[in-house]
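Worksheet for the structure shown next.
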Amino acid sequence: MAAASTPPASAPAAARPGTSAAPVGAGTCTVLAGGRVVLPTGVVDGGRVIVEGGRIAGAAPEGATVVDLTDHWLVPGFVDLHNHGGGGASFTSGTAEEVLRGVRTHREHGTTTVVASTVTGEPDFLARRAGELSELVEQGDLAGVHFEGPFISPCRKGAHSEALLRHPDPAEVLALVKAARGTAKMMTLAAELPGGLDSVRLLADHGVIAALGHTDATYEQTAEAIDAGATVATHLFNAMPPLGHRVPGPVAALLKDERVTVELINDGTHLHPAALELAVRCAGAARTAFITDAMDAAGFGDGAYALGPLEVEVKDGVARLVDDGSIAGSTLTLDTAFKRAATVDLMPVEDIVRAISANPARLLGIDDRVGSLEPGKDADLVVLDADFTLKGVLRKGAWVVDPRTA
Ligand SMILES: [Zn+2]
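With positions in the sequence shown counted from 1, the corresponding number in our numbering is that position plus 205.
As structure tokens, this is what we get:
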């Protein structure tokens with residue numbers, strides 16, 4: 206229905222990323238040839254990806270258009286589980302057009318699938334907001350909604366308004382999930398608070414990822430929350446007690462449990478490279494998810510911003526609360542996270558692809574469509590040069606960034 210309707214004057218087609226450009230393979234077939242293709246089974250040198258009608262095809266007919274990508278990497282489009290905005294726009298407070306601008310900004314940096322994260326607000330506001338965002342999920346521009354707060358610990362509030370924090374009352378949790386009309390994918394909460402474990406169970410029962418974060422839980426409380434159904438660590442290490450050798454805290458419980466995937470913000474600011482390496486080695490590539498936790502300034506620039514009701518200043522690409530200097534989200538884009546992982550952290554490219562595409566797609570339950578380069582899946586892919594600099598982005602078979610002109 207959305208595709209057949211005429212966009213209102215206030216939302217020109219150009220502002221709707223991915224809906225205005227014709228797929229490169231529409232009616233024809235395009236072969237992306239000669240690159241190093243990262244498949245679930247490994248890297249194929251001089252491989253090819255065939256794109257037809259917005260999807261990856263198994264075979265190319267005679268006369269297909271060939272795009273030569275020799276000396277380039279071809280990797281699946283990135284999937285961001287945790288992202289608050291970009292391009293100067295906030296997913297928590299922006300208009301639909303602004304949210305789409307943020308989505309487009311991240312797309313230009315390789316993120317072909319993005320979940321919109323909210324920050325702590327009044328329950329009524331968040332419920333209304335979830336309803337608004339759900340429309341953008343339904344039209345295919347967002348992959349879902351992630352509620353970060355308000356059910357988090359005042360001890361580890363980070364860039365969330367303390368006055369608006371609440372205990373995780375299952376009835377209030379359920380109201381938010383329902384307000385998102387089937388598009389709620391994840392909620393970050395502090396399960397040690399009263400009502401926390403029941404809320405984790407409720408989320409798990411409703412197919413919503415219960416993510417532990419902004420938490421002051423002990424090791425034992427964290428293990429209990431995992432037993433109750435929590436499966437994700439929200440930005441591991443950040444906004445939780447540190448790892449201690451006598452008091453291991455949530456980090457140890459989250460890293461060692463095979464049921465948990467750990468989010469990591471690989472921007473060089475949120476995590477020391479050694480902490481990142483420790484986490485990736487311990488969790489393994491199968492349980493690591495690179496996220497941005499980006500705020501409005503991602504892909505935009507330094508300056509004064511708001512994160513929910515809080516004032517933020519971004520300087521040299523680092524976002525901090527004006528009030529107390531807490532880190533307030535990142536300005537990271539996933540192409541930068543990929544490049545850091547390959548060139549600073551020296552991770553194998555196949556492992557980076559799992560952390561940045563395959564694992565988040567699996568967690569979101571959309572790995573039948575995205576997250577890997579396989580016939581039948583959406584033609585979402587990123588072209589990187591030999592130095593891992595982004596040169597092309599294809600989404601549903603349409604170039605967002607064309608490597609022939611980039
Ligand atoms: Zn966040």
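Ideal Cβ positions, reconstructed from N, Cα and C, are used throughout, including at glycine.
| message | What does the alpha-carbon distance come out to for the pair A220 and R306? | response | Residue mapping note: residue 220 aligns to position 15 of the sequence shown, counting from 1. Residue mapping note: residue 306 aligns to position 101 of the sequence shown, counting from 1. Low per-residue confidence applies at A220: pLDDT is 39, beneath 50, and the placement is therefore not dependable, though the value from the model is reported in the following sentence. A220 and R306: Cα-Cα distance of roughly 7 Å.
| said: Check for me: the alpha helix (DSSP H) holding I515 runs from which residue to which? | reply: On the sequence shown, residue 515 is found 310 positions in, with the first residue counted as 1. A small fix is needed here, since residue 515 is Leu in this sequence, not Ile. Note, L515: premise wrong, no alpha helix (DSSP H); beta strand (DSSP E) at L515 to K520.
| Cβ-heavy atom distance between G282 and ligand 1 below 7 Å? | Your numbering for residue 282 matches position 77 in the sequence shown. Remark: the shortest separation between the CB of G282 and any heavy atom of ligand 1 does not fall under 7 Å.
| If you follow the alpha helix (DSSP H) that T427 is part of, which residue opens it and which one closes it? | Residue mapping note: residue 427 aligns to position 222 of the sequence shown, counting from 1. Note, T427: alpha helix (DSSP H), Y424 to A433.
| query | Whose C-beta lies closer than 7 Å to the C-beta of C360 among residues of the same chain, with five residues either side of it excluded? | reply | Here residue 360 refers to the residue found at position 155 of the sequence shown. D421, listed in sequence order.
| CB contact flag (V519, A502, <8 Å) | Within the sequence shown, the letter at position 314 stands for residue 519. Within the sequence shown, the letter at position 297 stands for residue 502. Yes; because the gap between Cβ atoms is below 8 Å, this pair is in contact.
| task | Measuring alpha carbon to alpha carbon, tell me which of L512, H314, R406 and L381 ends up nearest M500. | result | Residue mapping note: residue 500 aligns to position 295 of the sequence shown, counting from 1. Taking only the C-alpha atoms, the option nearest M500 is L512.
| task | Confirm the yes/no value for this check: CB of S322, any heavy atom of ligand 1, distance under 7 Å. | result | Here residue 322 corresponds to residue number 117 of the sequence shown, with the count starting at 1. Under cutoff, so the answer is yes.
| query | Are the segment 556 to 566 and the segment 326 to 338 in contact at 8 Å, needing three or more beta carbon pairs? | reply | Taking 8 Å as the limit for Cβ pairs, the verdict is that the segment 326 to 338 does not touch the segment 556 to 566.
| query | G354 and T325: beta carbons closer than 8 Å? | reply | Position 149 of the sequence shown holds residue 354. Position 120 of the sequence shown holds residue 325. Taking 8 Å as the cut-off, the Cβ atoms of G354 and T325 count as close.
| What residue does the alpha helix (DSSP H) around F593 start on, and which one ends it? | For this step, residue 593 is matched to residue 388 along the sequence shown. From DSSP, F593 is part of no alpha helix (DSSP H); its letter is neither H nor E.
| query | Who pairs with N443 in a beta bridge, going by DSSP? | reply | The residue you call residue 443 lines up with position 238 of the sequence shown. DSSP, once it has assigned bridges, lists no residue as partnering N443.
| query | Where V558 and G401 are concerned, what is the direct C-alpha to C-alpha distance, given to the nearest angstrom? | reply | If you number the sequence shown from 1, residue 558 lands on position 353. If you number the sequence shown from 1, residue 401 lands on position 196. One C-alpha to the other measures close to 33 Å.
| said: Would the segment 410 to 421 count as touching the segment 258 to 269 if we require 3 or more Cβ pairs under 8 Å? | reply: Contact fails: fewer than three Cβ-Cβ distances are below 8 Å.
| Close Cβ partners of A458 (< 7 Å) along its chain, the five nearest in sequence each way excluded | Numbered from 1 along the sequence shown, position 253 holds the residue referred to as residue 458. Y424, T427, A428 and I431, listed in sequence order.
| request: Say yes only if the C-beta of D472 is nearer than 7 Å to one or more non-hydrogen atoms of ligand 1, and no if none qualify. | output: Along the sequence shown, one-based indexing puts residue 472 at 267. Every heavy atom of ligand 1 is 7 Å or more from the Cβ of D472, so no.
| Is there at least one non-hydrogen atom of ligand 1 closer than 7 Å to the beta-carbon of G326? | As a working mapping, residue 326 is identified with position 121 in the sequence shown. Flag unset: Cβ of G326 not near ligand 1.
| request: Please check the pair G259 and D583, which I expect to be a contact at CB under 8 Å, by giving their CB distance rounded to whole angstroms. | output: Taking the first residue of the sequence shown as 1, we reach residue 259 at position 54. Taking the first residue of the sequence shown as 1, we reach residue 583 at position 378. Rounded, the Cβ-Cβ distance is 7 Å, consistent with contact.
| said: Tell me the rounded alpha-carbon separation between P245 and D540. | reply: Here the question's residue 245 lines up with position 40 in the sequence shown. Here the question's residue 540 lines up with position 335 in the sequence shown. When only Cα atoms are considered, P245 and D540 end up about 19 Å apart.
| task | Mind checking which residues open and close the alpha helix (DSSP H) that includes I185? | result | Coverage of the chain is limited to positions 206 through 611, which leaves residue 185 absent and any answer about it impossible.
| message | Suppose the cutoff is 6 Å on Cβ atoms and the five residues either side in sequence are ignored; what does the same chain contact list for T224 look like? | response | The count along the sequence shown starts at 1 and reaches residue 224 at position 19. With a pLDDT of 44 at T224, under the threshold of 50, the predicted position of this residue should be treated as unreliable, and no value is reported.
| Residue range of the unbroken alpha helix (DSSP H) whose run includes L525 | The sequence position of residue 525 within the sequence shown is 320, counting from 1. With the sequence shown as reference, residue 525 is identified as Arg, and Leu is not the correct amino acid for it. First-last for R525: V523 to L526, but that is the beta strand (DSSP E), not the alpha helix (DSSP H).
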